[in-house]
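This report refers to the structure that appears directly beneath it.
2 protein chains.
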Amino acid sequence: MDRVDDILAQWHRERPDLDVAPMGLIGRINRLSHHLGRGMEKTFAAHGLTAASFDVLATLRRSGRPYSLSPGDLLGTMMITSGTLTNRIDQLEKAGLVERRQNPEDGRSVLIALTEKGFAVIDATVTAHVATQARLIEGLSKQDRVALDALLSRYLKVFESGTSEGKS
Amino acid sequence: MDRVDDILAQWHRERPDLDVAPMGLIGRINRLSHHLGRGMEKTFAAHGLTAASFDVLATLRRSGRPYSLSPGDLLGTMMITSGTLTNRIDQLEKAGLVERRQNPEDGRSVLIALTEKGFAVIDATVTAHVATQARLIEGLSKQDRVALDALLSRYLKVFESGTSEGKS
DNA sequence: CGCGATTATCTTGACGTCAAGATAGGCGCC
DNA sequence: GGCGCCTATCTTGACGTCAAGATAATCGCG
Numbered sequence: 000m001d002r003v004d005d006i007l008a009q010w011h012r013e014r015p016d017l018d019v020a021p022m023g024l025i026g027r028i029n030r031l032s033h034h035l036g037r038g039m040e041k042t043f044a045a046h047g048l049t050a051a052s053f054d055v056l057a058t059l060r061r062s063g064r065p066y067s068l069s070p071g072d073l074l075g076t077m078m079i080t081s082g083t084l085t086n087r088i089d090q091l092e093k094a095g096l097v098e099r100r101q102n103p104e105d106g107r108s109v110l111i112a113l114t115e116k117g118f119a120v121i122d123a124t125v126t127a128h129v130a131t132q133a134r135l136i137e138g139l140s141k142q143d144r145v146a147l148d149a150l151l152s153r154y155l156k157v158f159e160s161g162t163s164e165g166k167s
Numbered sequence: 000m001d002r003v004d005d006i007l008a009q010w011h012r013e014r015p016d017l018d019v020a021p022m023g024l025i026g027r028i029n030r031l032s033h034h035l036g037r038g039m040e041k042t043f044a045a046h047g048l049t050a051a052s053f054d055v056l057a058t059l060r061r062s063g064r065p066y067s068l069s070p071g072d073l074l075g076t077m078m079i080t081s082g083t084l085t086n087r088i089d090q091l092e093k094a095g096l097v098e099r100r101q102n103p104e105d106g107r108s109v110l111i112a113l114t115e116k117g118f119a120v121i122d123a124t125v126t127a128h129v130a131t132q133a134r135l136i137e138g139l140s141k142q143d144r145v146a147l148d149a150l151l152s153r154y155l156k157v158f159e160s161g162t163s164e165g166k167s
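Protein chains in written order, with numbering that gives the first Met the number 0: chain E, 0 to 167; chain L, 0 to 167.
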């Protein structure tokens, strides 16, 4: 019995004509995402980051040497718009964690690169972050984790099929 | 193979010391929440609402007659802060969908009530919303839905146990 | 080789959200 | 009954996000 069950029971009483089973599943995904996000924010804040800035630094870090990608490349893996990305890069550049470099091969484009400081920050943060995630998931048995992950993966494929785009 | 698999593979190459299994599960929940939210926003917008305003109206509607709750009651079922709620109510009041009434039993408190117009809007919107949700979930087999919902419910209980509060 | 179409990034303006603190009404001990 | 404490709601200021459009550089057809 979670909050979603209460919500569904209320709808069933008020609008018995509606099939609210999908609402339950979608509501649970949303609420879990929210709880998990709040839990992870604290770790980011402890390292001077937000979920937004962590996202950019982590994408650059895991891309491997030379830890630099164009804004367009970053957009491809992040679920945000171009304006949002510009804003994120501005903040990180101001903080000295990334720098904008000219792209020698295309004057329209730019390369966003981790600075030395940025590398140190993201490497320390991601280590703590993984520990936080492990803690956030410890309430679920090993079996449930595997089963849940498999089902989520199958569902996510509906929106992000193969290697192409993930439009909604 | 979704985007999350790509991300995990990159981390495994760059930081083989980290156990990224939790990151996969949490990342999939986040991305699904995002995709689903984007899909549902369009329905809200078609009825002049946002996810935020829908949330308030729906909570009042499903609470049953007389379709009125105090801000404190609303906060109990919504995952937002009091300042955010004040802002949402201000917008809805300006749009004529809810109204603030004095609480005869407690001068500190207020009652937020659906107006006639607000009732009509939310009733029409929720009907369309349920149809949208049914569409967003149709990529998943009936069996998978049931299994996924059961696992999500078990996981959500970690954060929202019983009838008490759901702090993170 | 020049100019229109395309691509890459940034700008603008409007919202939604949060944390922290301010305001204001009620409650209870003395 | 008065005064300090608690509770309910609102205010403030800083961010993050989006949609739509602006700017700037490259591409490609004639």
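Glycine is no exception: its CB is placed at the ideal position from the N, C-alpha and C atoms.
- Residues of chain E with a Cβ closer than 7 angstroms to the Cβ of D1(L) are, in chain order, S152, L155, K156 and E159.
- With a cutoff of 8 angstroms on beta-carbon distance, A112(E) and E98(E) are scored as near each other.
- Within the segment 132 to 143 of chain L, the residues whose Cβ lies closer than 8 angstroms to some Cβ of chain E are Q132, A133, L135, I136, G138, L139 and D143, listed in chain order.
- The beta carbon of N86(E) does not come within 8 angstroms of any beta carbon belonging to chain L, so the residue lies off that interface.
- In the structure shown, R27(E) adopts helical secondary structure according to DSSP, grouped into three states.
- At a Cβ-Cβ threshold of 8 angstroms, I28(E) and L31(L) count as neighbours.
- The beta carbons of G138(E) and V157(L) sit about 3 angstroms from each other, so the pair counts as a contact at 8 angstroms.
- At a beta-carbon threshold of 8 angstroms, the residues of chain L lying near T76(E) are R2, D5 and I6, ordered along the chain.
- For the options V19(L), L74(L), R134(L) and G26(L), the alpha carbon positioned closest to that of L59(L) is the one of L74(L).
- Contact of N29(L) with chain E is assigned, a C-beta pair being separated by under 8 angstroms.
- Boundaries of the beta strand (DSSP E) harbouring I111(L): V109 to L113, taken from the DSSP string.
- V97(L): member of the beta strand (DSSP E) spanning V97 to Q101, first to last residue.
- Under the criterion of beta carbons closer than 8 angstroms, S52(E) and Q90(E) qualify as touching, at roughly 6 angstroms.
- Under a 10 Å Cβ-count criterion, T124(L) is classified as buried, with 16 or more other Cβ atoms of the shown protein chains found around its own Cβ.
- Burial check for R61(L): the Cβ neighbour count within 10 Å reaches 16 or more, so the residue is buried.
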